[in-house]
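Protein chains in written order, with the numbering used here: chain R, 31 to 584; chain B, 31 to 584.
Here a beta-carbon is modelled for each residue, glycine too, at the ideal position from N, C-alpha and C.
Everything numeric in this text was worked out from a predicted model, so none of it was measured.
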């Protein structure tokens, strides 16, 4: 039969199990998929029923005036140019367009009328199909019964709706369907609905609950378990663009500065930079480790006369921290640079880098930021310094500001402790209040809280030539002038309880024995920049497929 | 004493051990460093001698008219702007300049004359110091005795030499020294000399041999063992710029095309994509694996409606291959993209990407390429198609070209085998001869030699919609249209002996059960592109700190 390309699939509403309380697939358990797959008896029954329906449908199809206008996409149709939602304007009124989009929702209003909400990278447009030559009842039934999340190709006339469609992103137009073809069919039962994942779950809510409007709550866990669906929300689409933008802007600034893009090894022979928080790898017949940062290698590039280098690469931390801002794998934006007179040359370079990234994000991604703020309005616009220069305070200025606010540190604590997370956040609020900025820099941290390769402050060796960058009171970058003198470096190692004779340090220390220019640098966390810039409640929302001590999938 | 900032260090020629045959430090064993460090008795003797010399030097210094003009850099001097070698021109004749550079060579001609060869990122400039008010004999001795590889700050007058200095990169000028200060001193004994590493070792040569000109041969192993020194050569400097350039151009092209920069996880829960060639990690209380490619994740991004994505990230392969072109860790340039009508849309996009990268390298990095060709002239200029469009042949065209050249494959071999490396290289020569290009594409590989997610050719299921890219007859990219239909995908897995029910595939397969657009993509090896573009004999030369089954350091 030449009919084999027509839609003989069983229609969704004909085969799906009736939910216990007549609800829709919104309430489908996320485990339904696995259960269904295992239930072979049911599947066989359904197949028999489907075959019967197929025969009935074939009989109907004989009278279907529209049978070439819907169903599996015919090869001859495979040549229509399609338009993106983003490019649809008033100019398209009364014109025919073809779009490829997901079914966000499908609804049969009557035997003569059905509606689709179409979704393309989170944006929504309504489509409508009504009985009128050559549209058949079968075609309306097919369209209204399309499985949610299927990808279809729709051809139709763009019309201006009588009243704007508030649930659509493009509320001022709708598509009157002439053809609708299946490109990729989604299964009926989805573990969650994309539209439910669009709403952030209220704090403390649990899976299976409904929100104030009676809509199902999808927890962060369910969203991350089903991250591919979750990425389809308008908010996730926008967040992944911001993440892309941060790395693009970082690379752009670094390249413009004459910096060289480097790729340092992630598999290293020794756990030199701390030890306990490092992942171990089986490397053929011996062990290796995953690099906790490119620190030692980017310094070796400087010793290798590379002068100004940057890297964009994964960073691995075997910390058993289960917080809203810790990951075991994140994207590091690292740089290292020689200077001539003072490490503040590099510090200023880094400050300008951040001001560039954050201000350009606002400029280039204003529409994406606006979308995200609909879901996460709480933190408000990210405030940048008005004069385009970063606010830089000394660590001890921060101590003083906290003291004014009633949070005192003893003389000993000031030089031996870092701020706690709570103190950092409070300082962020104080600085926002006083200086009207969410981005600032603290310089001259106590030497006691910095790693061995940090240069001590020549004026006061209890302090160091090191700095942290903060966004909304949380750290996004740590950096410093590095010791480039071998004797000073070996002394610093010993002072920190490290043994310069340890074999694992050989290559690193030799780099300094062979001459090395004064240099400074820093390492930024991409995911944290995205998180704090947007005011997201969890770093996992700013990460494509997050990894933490509990999560290794998807 | 206010004299404490003057140069009381023992002079190199006064303290160094006389080499056995009066040779210079060129012949120093690479193990000298470790031996020396352990030989405490010697060190103490040397220290005593140094103290004695220091006392003598102090006496001499009292009469030194130039004592403020050399030695450790005084804080008051720390403010001179310095000029880069690259910016030195004829306009500087008779003008005073300050440069910061390494000592490539230091030589005392007489009590009144010494020469320095200065090196800055591989480029060389000669400096000379002659006795004349206020330059003292002590200052000349100090300058001529500087340890090779030390970083110094030199102030002097630029002069035009009577005859060009052929050993310098800037042969038309020299600097007449007025001041010379130490910024970072290198130890006397280096494991190898940077200038010896500038010459590639003749094939089959061994450590300790000398070449036809009597200069020491430094093998690849020694160079890689001492990679920081090796990076300082003019050739390595240029190669690392080309590597930087390839990733810059890749990112530039992708961003211009509207692609989103993604960061997929490198630690994964299951070894899904092959199994045996995967590194295992201890992940808290369980095991994880290092991703062999971002393949499954970039496809999941496409299923997540990201439409057009790219990644620049390390790729890990636990292959015990010890060849000139295999690494256990390399930099992958990956992309994945939806298409509308035919996978050739994506193939053409990728072909244009490579033409863009390779032609722009020639345009933007002509000077670096010229430097590298001095050391590696054999391969010659990389030939690109004259019309700016990639040459695309089918795999079976390649089979036919090889047959013409006398290399036949049986009917069975054609569909079940891939080309061997030798056949690929021969085909590269045939194509260069016939089409005058070193870059070309083979399309439609046999399905039998491609991974399970590859789309079969609908016209001939023995073939597939897949392609490889070649440079000088060696593969630099593999790519294909991917199967986006879940049933087809599960069948393909079973045909390749994989179990779609395996838990590790759940997340990947669910992405297709929930609807996915037709898409294609590819993965490029950055290190191989650099290697074959430049005609380097070994991929390790195109890698900052290479990793192979034998090498985990530096």
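Subject >> Extent of the continuous alpha helix (DSSP H) run through residue 429/B >> reply: By one-based count along the second chain, residue 429/B stands at place 399. Looking at the DSSP string, the run of the alpha helix (DSSP H) that includes residue 429/B is 425–434.
Original post:
For the segment 322–347 of chain R, which residues have a CB atom closer than 8 Å to at least one CB atom of chain B, in sequence order?
Top reply: 327, 330, 331, 333, 334, 335, 336, 337, 342, 343, 344, 346
**OP:** Given a cut-off of 8 Å, decide if residue 415/B and residue 467/B are closer than it, judged by their beta-carbon atoms.
**Re:** Residue 467/B sits at position 437 when you count from the first residue of the second chain. Residue 415/B sits at position 385 when you count from the first residue of the second chain. Going by beta carbons, residue 467/B and residue 415/B fall inside the 8 Å limit.
**OP:** Figure out for me which residue from 295/R, 263/R, 325/R has the closest Cα to the Cα of residue 335/B.
**Re:** Here residue 335/B is taken as the residue at index 305 of the second chain, counted from 1. The shortest C-alpha separation from residue 335/B is found at 263/R.
**OP:** Could you confirm whether any beta carbon from chain R is found closer than 8 Å to the beta carbon of residue 369/B?
**Re:** On the second chain, position 339 is the one that residue 369/B refers to. False, the Cβ-Cβ gap to chain R never drops below 8 Å.
Subject >> Members of the segment 286–297 of chain R that neighbour chain B once the beta carbon cut-off is set at 8 Å >> reply: 290, 291, 292, 293, 294, 295, 296, 297
Original post:
When the Cα atoms are used, what is the spatial distance from residue 145/B to residue 278/R?
Top reply: In the second chain, the residue the question calls residue 145/B occupies position 115. In the first chain, the residue the question calls residue 278/R occupies position 248. Answer to the nearest angstrom: the Cα atoms are 46 Å apart.
Original post:
alpha helix (DSSP H) containing residue 174/R: first to last residue?
Top reply: Stepping through the first chain from its first residue, residue 174/R is reached at position 144. Unbroken alpha helix (DSSP H) run through residue 174/R: 167–174.
**OP:** Identify the continuous alpha helix (DSSP H) that holds residue 113/R and give its terminal residues.
**Re:** Here residue 113/R is taken as the residue at index 83 of the first chain, counted from 1. Element bounds for residue 113/R: n/a, residue is neither H nor E.
**OP:** At 9 Å on the CB atoms, spell out the chain R contacts of residue 251/B, in chain order.
**Re:** The residue you call residue 251/B lines up with position 221 of the second chain. None at all; the shortest Cβ gap to chain R is about 14 Å.
Original post:
Using 8 Å as the threshold, is the segment 253–272 of chain B in touch with the segment 571–582 of chain B, meaning 3 or more CB pairs across them?
Top reply: yes
Original post:
When you compare each of 458/R, 241/R, 285/R to residue 562/R by their alpha carbons, which one comes out closest?
Top reply: Numbered from its first residue, the first chain carries residue 562/R at position 532. Among 458/R, 241/R, 285/R, the Cα nearest to that of residue 562/R is on 458/R.
**OP:** Tell me where the alpha helix (DSSP H) around residue 458/R begins and ends.
**Re:** Residue numbering aside, residue 458/R sits at position 428 when the first chain is read from its first letter. Counting along the chain, the alpha helix (DSSP H) containing residue 458/R begins and ends at 451–465.
**OP:** Note down the Cα distance separating residue 95/B from residue 139/B, rounded to an integer number of angstroms.
**Re:** For the purposes of this step, residue 95/B is taken as the residue at position 65 of the second chain. For the purposes of this step, residue 139/B is taken as the residue at position 109 of the second chain. Whole-angstrom Cα-Cα distance: 21 Å.
Original post:
By the 10 Å Cβ neighbour count, where 16 or more other Cβ atoms means buried, how is residue 306/R classified, buried or exposed?
Top reply: On the first chain, position 276 is the one that residue 306/R refers to. Residue 306/R comes out exposed.
**OP:** State the DSSP-derived secondary structure class of residue 257/B, mapped to helix, strand or coil.
**Re:** Here residue 257/B refers to the residue found at position 227 of the second chain. The answer is helix: DSSP assigns residue 257/B an H, G or I state.
Subject >> 8 Å CB neighbourhood of residue 448/R in its chain, flanking five on each side removed >> reply: Here residue 448/R is taken as the residue at index 418 of the first chain, counted from 1. Excluding sequence neighbours, residue 448/R sits near 475, 476, 479.
**OP:** Report yes or no: is there a C-beta of chain R within less than 8 Å of the C-beta of residue 164/B?
**Re:** Translated into the one-based positions of the second chain, residue 164/B becomes position 134. No - not a single Cβ of chain R is within 8 Å of the one on residue 164/B.
Original post:
Leaving out the 5 sequence neighbours to the left and right, which residues in its chain are closer than 6 Å to residue 587/B when beta-carbon positions are compared?
Top reply: Missing from the structure shown is residue 587/B; chain B here goes from 31 to 584 and no further.
**OP:** Can you tell me which of the three DSSP states residue 53/B falls into?
**Re:** As a first step, residue 53/B must be located in the second chain, where it is residue number 23. Bear in mind that a pLDDT of 36 at residue 53/B, under 50, signals an unreliable position, so the model cannot answer this.
Original post:
Is any beta-carbon of chain B found at less than 8 Å from that of residue 532/R?
Top reply: On the first chain, residue 532/R is found 502 positions in, with the first residue counted as 1. False, the Cβ-Cβ gap to chain B never drops below 8 Å.
Subject >> Pairwise C-alpha distance: residue 542/B and residue 63/R >> reply: As a position in the first chain, residue 63/R is number 33, starting the count at 1. As a position in the second chain, residue 542/B is number 512, starting the count at 1. Note that residue 63/R scores a pLDDT of 44, beneath 50, so its modelled location is shaky and nothing firm can be said.
Original post:
Helix, strand or coil: how does DSSP classify residue 270/R here?
Top reply: Counting from one through the first chain, the residue named residue 270/R turns up at place 240. Residue 270/R: helix per DSSP, three-state reduction.
Original post:
Under a CB-based cut-off of 8 Å, is residue 553/B close to chain R?
Top reply: Along the second chain, read from residue 1 onward, the residue named residue 553/B stands at position 523. Chain R contact via Cβ: absent.
Original post:
How about residue 401/B and residue 268/B: do their beta carbons lie closer than 8 Å?
Top reply: Translated into the one-based positions of the second chain, residue 401/B becomes position 371. Translated into the one-based positions of the second chain, residue 268/B becomes position 238. Yes, the pair counts as a contact, with Cβ atoms nearer than the cut-off.
**OP:** Please list the partners that residue 378/B has in chain R, where partner means a Cβ-to-Cβ separation under 8 Å.
**Re:** Looking up residue 378/B in the second chain gives position 348. Here the premise fails: no neighbours, minimum Cβ distance about 16 Å.
Subject >> In DSSP terms, what residue 240/B is bridged to >> reply: For the purposes of this step, residue 240/B is taken as the residue at position 210 of the second chain. DSSP, once it has assigned bridges, lists 246/B as partnering residue 240/B.
Subject >> Proximity of residue 366/B and residue 346/B at Cβ, strictly below 8 Å >> reply: Taking the first residue of the second chain as 1, we reach residue 366/B at position 336. Taking the first residue of the second chain as 1, we reach residue 346/B at position 316. Not a contact, by the Cβ cut-off of 8 Å.
Subject >> Own chain partners of residue 266/R with C-beta closer than 7 Å, once the 5 adjacent residues on each side are dropped >> reply: On the first chain, residue 266/R is found 236 positions in, with the first residue counted as 1. The answer, listed in chain order, is 260.
**OP:** For residue 329/R, name the three-state secondary structure that DSSP assigns.
**Re:** What you label residue 329/R is simply residue 299 of the first chain in a count that begins at 1. Helix at residue 329/R.
Subject >> Exposure label - residue 381/R; buried when at least 16 CB within 10 Å >> reply: For the purposes of this step, residue 381/R is identified with residue 351 of the first chain, where counting begins at 1. Buried.
Subject >> Nearest-angstrom Cα separation, counted from residue 211/R out to residue 127/R >> reply: On the first chain, position 97 is the one that residue 127/R refers to. On the first chain, position 181 is the one that residue 211/R refers to. It is roughly 14 Å from the alpha-carbon of residue 127/R to the alpha-carbon of residue 211/R.
Subject >> Rounded straight-line distance, which links the Cα of residue 430/R to that of residue 439/R >> reply: Mapped onto the first chain, residue 439/R falls at position 409. Mapped onto the first chain, residue 430/R falls at position 400. Spanning the two alpha carbons is a distance of roughly 9 Å.
Original post:
At a CB-CB cut-off below 8 Å, which residues of chain R make contact with residue 274/B?
Top reply: Within the second chain, numbered from 1, the residue matching residue 274/B stands at position 244. Result: 290, 291, 292.
Original post:
Between the Cα of residue 462/R and the Cα atoms of 327/R, 428/R, 558/R, which residue gives the shortest distance?
Top reply: Along the first chain, read from residue 1 onward, the residue named residue 462/R stands at position 432. Residue 462/R has its Cα closest to that of 428/R, out of 327/R, 428/R, 558/R.
**OP:** Using a threshold of 8 Å, state whether the C-beta atoms of residue 151/R and residue 198/R are closer than that.
**Re:** For the purposes of this step, residue 151/R is taken as the residue at position 121 of the first chain. For the purposes of this step, residue 198/R is taken as the residue at position 168 of the first chain. Cβ atoms of residue 151/R and residue 198/R: not closer than 8 Å.
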